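Below is one structure, written out as structure tokens; the observations come after it.
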Ligand SMILES: N[C@@H](CCC(=O)N[C@@H](CS)C(=O)NCC(=O)O)C(=O)O
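Residue numbers (the working numbering): -15 to 198.
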């Protein structure tokens, strides 16, 4: 029944929506791509604000339902296209860990990275949502030193999110280049879906820059 509804995906190249783009490709999901040129400010124009009043990507429409927030989109799409095997089902003993790692990304990693990127003094560890930066990274590093994927030997949608997030964090936001993290980001980033999206994003960025000059 689900599969009758179509997915519309709002994307801007080389942003947080790139992970959702990779996930859609990993899932083999059918979707209609709507690209926003952020260099031209399209994400803050009324047409898109009607979808996401924050003017932020990623956003998807599943039929008429709007879903924003990377983690909500990941949970929704991986369950919706469950045949791809990237989401432990309800009742699977790995489901709790799967949700933990997805939510850890938004609740701990993102706020920690933004503080670090902005060179902001973090809140004291007892008030900060992530404790302290090193402890927050150590949790992920410890997990990835134990096994190839966050859930052990099985890859899940959580790895699609984290592979891209750690790659970006190590390149641009001061995440330490620890061997297990480097290996993981490289392995996830070398998958065909990630490579396809990288090429498409590069072409979109070039087209957006050309449109500004024209
Ligand atoms: N909390 C949102 C954040 C999304 C977000 O920050 N997206 C940025 C792109 S990296 C954006 O769309 N920025 C455009 C703007 O705010 O004008 C999520 O996790 O999905």
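We put the beta carbon where it would ideally sit given N, CA and C, even for glycine.
Note that the coordinates shown come from a computational prediction; the quantities given were computed from them, not determined experimentally.
**Asked** Secondary structure at residue 51, three-state DSSP: helix, strand or coil?
**Response** In the chain shown, counting from the first residue as 1, residue 51 sits at position 67. It is a strand residue.
**Asked** Quick one: what does DSSP say residue 87 is sitting in, helix, strand or coil?
**Response** The residue you call residue 87 lines up with position 103 of the chain shown. The answer is helix: DSSP assigns residue 87 an H, G or I state.
**Prompt:** Taking the alpha carbon of residue 48 as the point to measure from, which residue in 35, 41 and 144 has its own alpha carbon closest?
**Reply:** By 1-based counting over the chain shown, the position of residue 48 is 64. Among 35, 41 and 144, the Cα nearest to that of residue 48 is on 35.
**Message:** Which residue wins for smallest C-alpha separation from residue 52, given the options -6, 149 and 96?
**Reply:** Along the chain shown, one-based indexing puts residue 52 at 68. Closest by alpha carbon: -6.
**Asked** For the alpha helix (DSSP H) that residue -11 lies in, which residues bound it at each end?
**Response** Residue mapping note: residue -11 aligns to position 5 of the chain shown, counting from 1. Segment: none, residue -11 is in no alpha helix (DSSP H) and carries neither H nor E.
**Request:** Would you check whether ligand 2 has a heavy atom nearer than 6 Å to the C-beta of residue 87?
**Result:** Looking for ligand 2 in the displayed structure turns up nothing; the ligands present are ligand 1.
**Request:** Select from 125, 55, 67 and 81 the residue whose C-alpha is nearest the C-alpha of residue 91.
**Result:** Translated into the one-based positions of the chain shown, residue 91 becomes position 107. Measuring from the Cα of residue 91, the nearest candidate turns out to be 55.
**Message:** Could you check if residue 40 belongs to the surroundings of ligand 1, using beta carbon to heavy atom distance under 6 Å?
**Reply:** Counted from its first residue, the chain shown places residue 40 at position 56. Answer for residue 40: yes, Cβ within range of ligand 1.
**Item:** Spatial distance of residue 103 from residue 116 (CA atoms)
**Value:** Taking the chain shown and counting its residues from 1, one reaches residue 103 at position 119. Taking the chain shown and counting its residues from 1, one reaches residue 116 at position 132. Their Cα atoms are separated by approximately 14 Å.
**Inter-residue Cα distance where the pair is residue 174 and residue 101** = Translated into the one-based positions of the chain shown, residue 174 becomes position 190. Translated into the one-based positions of the chain shown, residue 101 becomes position 117. Approximately 26 Å between the Cα atoms of the pair.
**Prompt:** Roughly how many angstroms separate the alpha carbons of residue 132 and residue 163, rounded to a whole number?
**Reply:** On the chain shown, position 148 is the one that residue 132 refers to. On the chain shown, position 179 is the one that residue 163 refers to. Looking at the two C-alpha atoms, the distance is approximately 12 Å.
**Prompt:** So does residue -1 have its beta carbon nearer than 6 Å to some heavy atom of ligand 1?
**Reply:** In the chain shown, the residue the question calls residue -1 occupies position 15. Yes.
**Prompt:** What are the complete alpha helix (DSSP H) segments, minimum 4 residues, inside the stretch -10 to 53?
**Reply:** 1 to 11 and 30 to 33
**Message:** At the level of alpha carbons, what is the spacing between residue 63 and residue 71?
**Reply:** The residue labelled residue 63 in the question sits at position 79 within the chain shown. The residue labelled residue 71 in the question sits at position 87 within the chain shown. Taking the straight line joining both Cα atoms gives about 6 Å.
**Message:** Using a Cβ-Cβ cutoff of less than 8 Å, which residues in the same chain neighbour residue 10 once the five nearest sequence positions on both sides are dropped?
**Reply:** Locating residue 10 in the chain shown gives position 26, where the first residue counts as 1. For residue 10, where only same-chain residues beyond five positions count, the Cβ hits under 8 Å are 68, 70, 141, 144, 175 and 177.
**Prompt:** Using a beta-carbon distance below 7 Å, is residue 70 in contact with chain C?
**Reply:** The structure shown has no chain C; it contains just one protein chain.
**Prompt:** Whose C-beta lies closer than 7 Å to the C-beta of residue 89 among residues of the same chain, with five residues either side of it excluded?
**Reply:** Against the chain shown, residue 89 aligns to sequence position 105. Only 55, 145, 146 and 149 meet the Cβ criterion.
**Asked** Can you check whether the CB of residue 20 is closer than 7 Å to the CB of residue -4?
**Response** Locating residue -4 in the chain shown gives position 12, where the first residue counts as 1. Locating residue 20 in the chain shown gives position 36, where the first residue counts as 1. Yes, the Cβ-Cβ distance between residue -4 and residue 20 is below 7 Å.
**Asked** For residue -12, is the beta carbon positioned less than 6 Å from some heavy atom of ligand 1?
**Response** On the chain shown, residue -12 is found 4 positions in, with the first residue counted as 1. Answer for residue -12: no, Cβ out of range of ligand 1.
**Message:** For residue -8, tell me which candidate among 57, 181 and 37 has the shortest Cα-Cα distance.
**Reply:** To locate residue -8, count along the chain shown from 1; it is residue 8. That would be 57, whose Cα lies nearest to the Cα of residue -8.
**Asked** What residues in its chain sit with their C-beta under 7 Å from that of residue 96, if we drop five residues either side in the sequence?
**Response** Mapped onto the chain shown, residue 96 falls at position 112. Cβ within range, chain order: 114, 117 and 120.
**Prompt:** Is it true that the CB of residue 99 sits closer than 7 Å to the CB of residue 106?
**Reply:** Taking the first residue of the chain shown as 1, we reach residue 106 at position 122. Taking the first residue of the chain shown as 1, we reach residue 99 at position 115. Closer than 7 Å, so yes.
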